[in-house]
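A.B. asks: Numbering (full-length UniProt numbering), first residue to last: 1 to 223.
Before anything else, here's the structure in question.
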């Protein structure tokens, strides 16, 4: 890319006109910031699994970080939807594009996580849910980066590709297999201290909420 052109152009081709929008000052940094922030809760979750310190201490340490990542992704998705409506002429805010979906999935999982930790801290429930969800949220951020930068799928967001696609994929596989191994090894330490109890209860509502959010994420992933 640094080879000299002959003749030397007096002007470059400029920025893609689709990206000449004030929303682009906010949308990418918010999404990428959200992706990056989820590395912190993930690191704490893995450390808790390795050290067997699976009480509420790791939850207290990451709650603000998880909330920050959730907020950044939410803002990024909203600004991105507005940009799509203004610039792309879809007649709507969402087109279920692969890269759009990649930004939505970790937000849905993070939403489920933030609900799960409420019950874990108050009643010692949803321990497995909580740690699986935050690990999954981070894995989905890596997956989103892979989808965006590898060019493996056709997307209106394909403004640039990188040769690092295989590296992202390898990292994704390593993270997934390593996390799964740790979860299976520590599964006995992740048992709930109390049961759900009554059919109509707050706990059951939270469980249904988690199932719906994870189910929606799974459907989006397949789509």
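Glycine included, every Cβ here is placed at the ideal spot set by N, Cα and C.
Extract the residue ranges of the alpha helix (DSSP H) inside the stretch 129-198, only unbroken runs of 4 or more that lie entirely within it.
C.D. replies: 165-185
A.B. asks: Report the three-state DSSP secondary structure of residue 38 (helix, strand or coil).
C.D. replies: coil
A.B. asks: For the alpha helix (DSSP H) that residue 117 lies in, which residues bound it at each end?
C.D. replies: Residues 98-123.
A.B. asks: From 167, 70, 179 and 201, pick the residue whose C-alpha is nearest to that of residue 104; which is it?
C.D. replies: 70
A.B. asks: Expressed to the nearest angstrom, what Euclidean distance is found between the alpha-carbon atoms of residue 168 and residue 206?
C.D. replies: 33 Å
A.B. asks: Count the other CB atoms within 10 Å of the CB of residue 6; is the residue buried (16 or more) or exposed (fewer)?
C.D. replies: exposed
A.B. asks: Does the beta-carbon of residue 131 have 16 or more other beta-carbons within 10 angstroms, so that it is buried, or is it exposed?
C.D. replies: buried
A.B. asks: List in chain order: all unbroken alpha helix (DSSP H) runs of 4+ residues lying wholly within the stretch 20-90.
C.D. replies: 27-37, 39-51 and 57-83
A.B. asks: Suppose contacts are defined by Cβ-Cβ distances below 9 Å. Is residue 42 in contact with residue 137 by that definition?
C.D. replies: yes
A.B. asks: When burial is assigned at 16 or more other CB atoms within 10 Å of the CB, is residue 83 buried or exposed?
C.D. replies: Buried, since its Cβ has 16 or more Cβ neighbours within 10 Å.
A.B. asks: Compare the C-alpha of residue 128 against each of 38, 32 and 49 and name the closest.
C.D. replies: 49
A.B. asks: Are three or more beta carbon pairs between the stretch 103-122 and the stretch 58-69 nearer than 8 Å?
C.D. replies: yes
A.B. asks: What is the C-beta distance between residue 81 and residue 96, in whole angstroms, given that I count them as a contact (C-beta under 8 Å)?
C.D. replies: 12 Å between Cβ atoms; not a contact.
A.B. asks: Please look up how many angstroms separate the CB atoms of residue 141 and residue 35, rounded, as I've assumed it's under 8 Å.
C.D. replies: At roughly 4 Å, the Cβ-Cβ gap stays under 8 Å, so residue 141 and residue 35 are in contact.
A.B. asks: Please classify residue 203: does DSSP put it in a helix, a strand, or coil?
C.D. replies: helix
A.B. asks: In this structure, does DSSP put residue 16 in helix, strand or coil?
C.D. replies: coil
A.B. asks: Skipping 5 residues on each side, what residues in its chain have a beta carbon closer than 6 Å to that of residue 186?
C.D. replies: Within the same chain, residue 186 has close Cβ partners 49.
A.B. asks: Do residue 134 and residue 176 count as a contact pair if the criterion is CB distance below 9 Å?
C.D. replies: no
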